[in-house]
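J.: A single structure is presented below for examination.
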Amino acid sequence: MGDLGWIAYPKNGWEEIGEVDENFAPIHTYQVCNVMEQNQNNWLLTSWISNEGASRIFIELKFTLRDCNSLPGGLGTCKETFNMYYFESDDEDGRNIRENQYIKIDTIAADESFTELDLGDRVMKLNTEVRDVGPLTKKGFYLAFQDVGACIALVSVRVYYKKCPSVIRNLALFPDTITGADSSQLLEVSGSCVNHSVTDEPPKMHCSAEGEWLVPIGKCMCKAGYEEKNNTCQVCRPGFFKASPHSPSCSKCPPHSYTLEEASTSCLCEEHYFRRESDPPTMACTRPPSAPRNAISNVNETSVFLEWIPPADTGGRKDVSYYIACKKCHSHSDLCEACGSHVRYLPQQTSLKNTSVMMVDLLAHTNYTFEIEAVNGVSDQNPGARQYVSVNVTTNQAAPSPISSVKKSKITKNSISLSWQEPDRPNGIILEYEIKYFEKDQETSYTIIKSKETTVTADGLKPGSAYIFQIRARTAAGYGGFSRRFEIETIPVSVAASSDQSQIPIITLSLTVGVILLAVVVIGFLLSGRRCGYSKAKQDPEEEKMHFHNGHIKLPGVKTYIDPHTYEDPNQAVHEFAKEIEASCITIERVIGAGEFGEVCSGRLKLQGKREFPVAIKTLKVGYTEKQRRDFLGEASIMGQFDHPNIIHLEGVVTKSKPVMIVTEYMENGSLDTFLKKNDGQFTVIQLAEMLRGIASGMKYLSDMGYVHRDLAARNILINSNLVCKVSDFGLSRVLEDDPEAAYTTRGGKIPIRWTAPEAIAFGKFTSASDVWSYGIVMWEVMSYGERPYWEMTNQDVIKAVEEGYRLPSPMDCPVALYQLMLDCWQKDRNSRPKFDEIVSMLDKLIRNPSSLKTLVNASNSVSNLLVEHSPVGSSAYRSVGEWLEAIKMGRYTEIFMKNGYSSMDAVAQVTLDLKHWISAAKKKESASPPATMKHWLLLLHWALLLLLCRPCFLRWNHCRDSGRVQQDEEAHPFM
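So in the working numbering, the last one in the sequence shown is 983, and the numbering has no gaps at all.
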């Protein structure tokens, strides 16, 4: 209410007047109302105002303004607005400045004006207007109000700036902060941590133009030993601790620890309890574990398998591991000594996580003490508290040591006789010796002779050739290791050149007759339809001789499957057909499934001199019986005999350590049925047909070896990343006898009903024909993308329906050709079903002619039997002999046919017809007209050999060509 000291000019302009408002309260105003005069220019200038550091200020005006229409006569010079100006200055000297130096802020107009009536009723119509000015650059400023002819009263002028008030947030103090000059500007302000607090990231906030704190960044945390309460840091009480600023609050000391001080950052361990340096302070103090419990041993010759139960008290820790101490004890005294470095521990001796271990390479008939100690992370801090359990064992008889030296007794051009001494350490009674020999650089084709004496004669050798011999002994404990290799050369043949010349006619005649006789025998043998089986040929009462090629017994022209169950010692079958792999070469990565005998894992195999590659590993579970071990390794003995791109490949076995393992190639996409279910509808018909062709090719290979699978199903087909299908799971399979009609009879085993042929279900008879039935079911599974055969029908319903003639309907979008092939496989008469070689041929035709797969079953109700006879030789399908020979991959014989007068397909057809008549008469033991000439005779024989022998070779050549191995097979098969 005092004098403001504002300046008004001219003198008759603005006037400082004191009055009362409508409530009769005194107010202080500046008024001007010279509306009767022309050209008014009345100024009111404030005193100097300090901006106090603000760069943007706000001016709030409250005023009243008279309505010009309410004045007498409605003066035309009356105004209803006034102007507001400002001028910056660092001091009060700027007060006496010219009008044109002021900067206009705005023209102010009233929202409401009053009239004379309002004056009579004492109604004050106040107008409020707010304007802002900025940015200001000097210490202060003046305000000026210009009247140009209005009737106005200034009731209030409020000048202010905005700031963000001081605040504590996230334990950081942010001071008063004046807002920025720009209405959209955010000022970044750094805070300071309150007492006993620290920060990893400096705390910051942003002050908005409206004076509000926004966008906090970073924070302060109470340091170790203090916790946050009410925006301050308060000390941790005794018995509580806080180890890190990042911990939210003080915590009670963990079990078996304490603290007696304030602001503790950790707690001390009680007596006999410990903490590792790496243990967090929040972890309870712990102690060493108690001893393992219930340790048991299993002695196998010179190997000992130990198993135990974890300790009852782990000391409060989870990092329990085991250490095995081995001591060799003398039977005549209590003295024991360390076992030495020759003993191997599988998987390891120290830091053992499993509760089992195997020690190998122990001495035979020796007393051992094994101490199993449980250790954890604090065992080293209290050595006196370490406990262990002892196991005393005595090893059994061991296999004999290798033969050290071999002597040559007699050498001829075709035989080598050897003798040797018993092994230095026989470790028991020698039952027999096994002699392995092969021609140098031909290690994959070898012969094994067994003898009970320390002498042997290998005959039937090539003159002047070097042979490699190895010998090993067998006791009741098994075979010892092979001796080192001994290289011995037979005597070369030396015959005079003249003698050779004189013998040419005789030799030529003999060879001709021999070839003819051999051809007749081969033809008769092949036409009889019988297959060669394997039987052991006794050399003499003390010897047995077997020939091997690439790990398989070698018979003339036939590779035959050998049933491992015929071996008296199953371990011998495993070692003959499967390669032993060191357990250290295998890395198990993860479990991918479970089998009948244990877990199935994926991992990697690193063999010496080879790159590491992925493998699948079947393991034999702990606690197995000897029968389970035989059955488990029996599958490896079977698998090891096969070598085909569509049969799962066996890498080897682990039998000399535990766990016992079977290692095979790794198939990335797993079982076919699961893979198809996951990728329903994702493949073309050609791709599905290629999968079926691969399965059929693998089954043809098994069938040719005289092998019946018995459990052919999509679940037992594995598929790799290249969509190559391979037959697997040989646990149910058995071998056929020599008679192709012979079958294996089940002995109460489980039969997969939905995949099994009717005769196998009814009579327990399994043949390759029953495998063909199962293959038809696999075709249905593939074309339906893994659907369950016969859906939810019970096994009894399936048996009854099939017996009554019901067959699975065609899968959706299945080509007619493929469904007809399924129906052919499901012929009730097993002799009417196609053979696997016919199935492969049919699928090859369909794949090479994709248009044949376009006709779908649901597009036409008529289906025809596509398994028809091949076009006979001489059909109009071929225009010339050369074209026909090229088609069957025998173009190199064109010239021979032409020279002998067979230049047309009719002539070749006649030869074929003559041959058929001659063979038919020969089989019926009727008189057959001999060929007109010897040339014709030899040509017929040659032609018969081509028909009967070369066809399998050319089919194999086609397959090898497709799999990229044509060069290797061309060298192996001279017919090609």
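For each residue, glycine too, the CB sits at the ideal point set by N, CA and C. As the structure is a prediction and not an experimental result, all values here were calculated from the model.
Taking the beta strand (DSSP E) that Pro91 falls in, what are its first and last residues?
T.: Residue identity differs from the one stated: residue 91 is Met in this sequence, not Pro. Note, Met91: beta strand (DSSP E), 88–96.
J.: One question on the structure: do Arg814 and Leu825 come within less than 9 Å of each other, judged by their Cβ atoms?
T.: no
J.: Beta-carbon separation of Ser777 and Ala769 under 9 Å?
T.: no
J.: Can you name the residues that DSSP bridges to Asn374?
T.: Cys336, Thr401
J.: Could you say which of Met228, Arg491, Cys158, Tyr149 lies nearest to Met43 if we only look at CA atoms?
T.: Cys158
J.: Contact defined as beta carbons within less than 8 Å: I believe Val396 pairs with Ala480. What is the distance between those atoms, to the nearest angstrom?
T.: Actually they do not touch by this definition, with Cβ atoms about 38 Å apart.
J.: Can you tell which of Asn134, Thr186, Pro172, Gly322 has the C-alpha that lies nearest to the C-alpha of Leu143?
T.: Thr186
J.: Out of Glu284, Phe281, Asp286, Arg351, which one is the CA nearest neighbour of Thr309?
T.: Arg351
J.: DSSP three-state label for Phe737, please.
T.: coil
J.: With burial defined as no fewer than 16 other Cβ atoms inside 10 Å of the residue's Cβ, what is the status of Thr184: buried or exposed?
T.: Answer is buried; the Cβ neighbour count reaches 16.
J.: Count the C-beta pairs between the region 367–381 and the region 328–335 that are closer than 8 Å, then say yes if the count reaches three, no if not.
T.: Yes: at least three Cβ pairs fall under 8 Å.
J.: According to DSSP, is His253 part of a helix, a strand, or is it coil?
T.: coil
J.: Is Asp576 buried or exposed, if buried means 16 or more other CB atoms sit within 10 Å of its CB?
T.: exposed
J.: One question on the structure: do Thr671 and Ile655 come within less than 9 Å of each other, judged by their Cβ atoms?
T.: yes
J.: Please classify Asn729: does DSSP put it in a helix, a strand, or coil?
T.: coil
J.: Got a sec, what are the start and stop residues for the alpha helix (DSSP H) Val785 sits in?
T.: 775–790
J.: So, helix, strand or coil for Pro142, using DSSP?
T.: coil
J.: Check the C-beta distance from Ile599 over to Met668 and give it rounded, since I have them as a contact under 8 Å.
T.: With 8 Å as the limit, Ile599 and Met668 do not qualify as a contact, their Cβ atoms being about 14 Å apart.
J.: Determine the direct distance from the alpha carbon of Leu725 to that of Pro822, and round the result to whole angstroms.
T.: 24 Å
J.: Along the chain, where does the beta strand (DSSP E) that runs through Cys292 open and close?
T.: Here Cys292 belongs to no beta strand (DSSP E), and DSSP marks it neither H nor E.
J.: Ala473 bridges to which residues according to DSSP?
T.: Glu496
J.: What first and last residue would you give for the alpha helix (DSSP H) that runs through Asp997?
T.: With the chain running from 8 to 983 in the structure shown, residue 997 is simply not present.
J.: How many Å lie between Ala585 and Ser781 at the Cα?
T.: 28 Å
J.: Would Phe639 and Phe682 qualify as a contact pair, given that the criterion is a beta-carbon distance under 9 Å?
T.: For Phe639 and Phe682, no; Cβs fall outside 9 Å.
J.: Closer than 8 Å is the cut-off here; do at least three beta carbon pairs connect the region 74–93 with the region 146–156?
T.: yes
J.: Return the first residue and the last residue of the beta strand (DSSP E) that His263 is part of.
T.: No beta strand (DSSP E) contains His263, which DSSP labels as neither H nor E.
J.: Which word fits Asn49, buried or exposed, when buried means at least 16 other C-beta atoms lie within 10 angstroms of its C-beta?
T.: Classification for Asn49: buried.
J.: Could you check the C-alpha separation between Asp207 and Leu180 for me, to the nearest Å?
T.: 16 Å
J.: Suppose you measure from the CA of Cys960 to the CA of Tyr330; what does that come to, to the nearest Å?
T.: With a pLDDT of only 44 at Cys960, under 50, the local geometry of the prediction cannot be trusted, and no value is derived from it.
J.: Secondary structure at Asp154, three-state DSSP: helix, strand or coil?
T.: Strand at Asp154.
J.: Rounded to whole angstroms, what is the Cα-Cα separation between Ser858 and Asp820?
T.: 15 Å
J.: If we ignore side chains and look at the alpha-carbon of each, how far apart do Trp833 and Phe493 end up?
T.: 57 Å
J.: Hey, Val382 and Pro295: beta-carbon distance below 9 Å or not?
T.: yes
J.: Alpha carbon to alpha carbon, what distance is there between Glu441 and Thr464?
T.: 12 Å
J.: Quick check: the region 189–209 against the region 159–168, are at least 3 beta-carbon pairs closer than 8 Å?
T.: no
J.: Which residue comes first and which comes last in the alpha helix (DSSP H) that contains Gln579?
T.: 577–584
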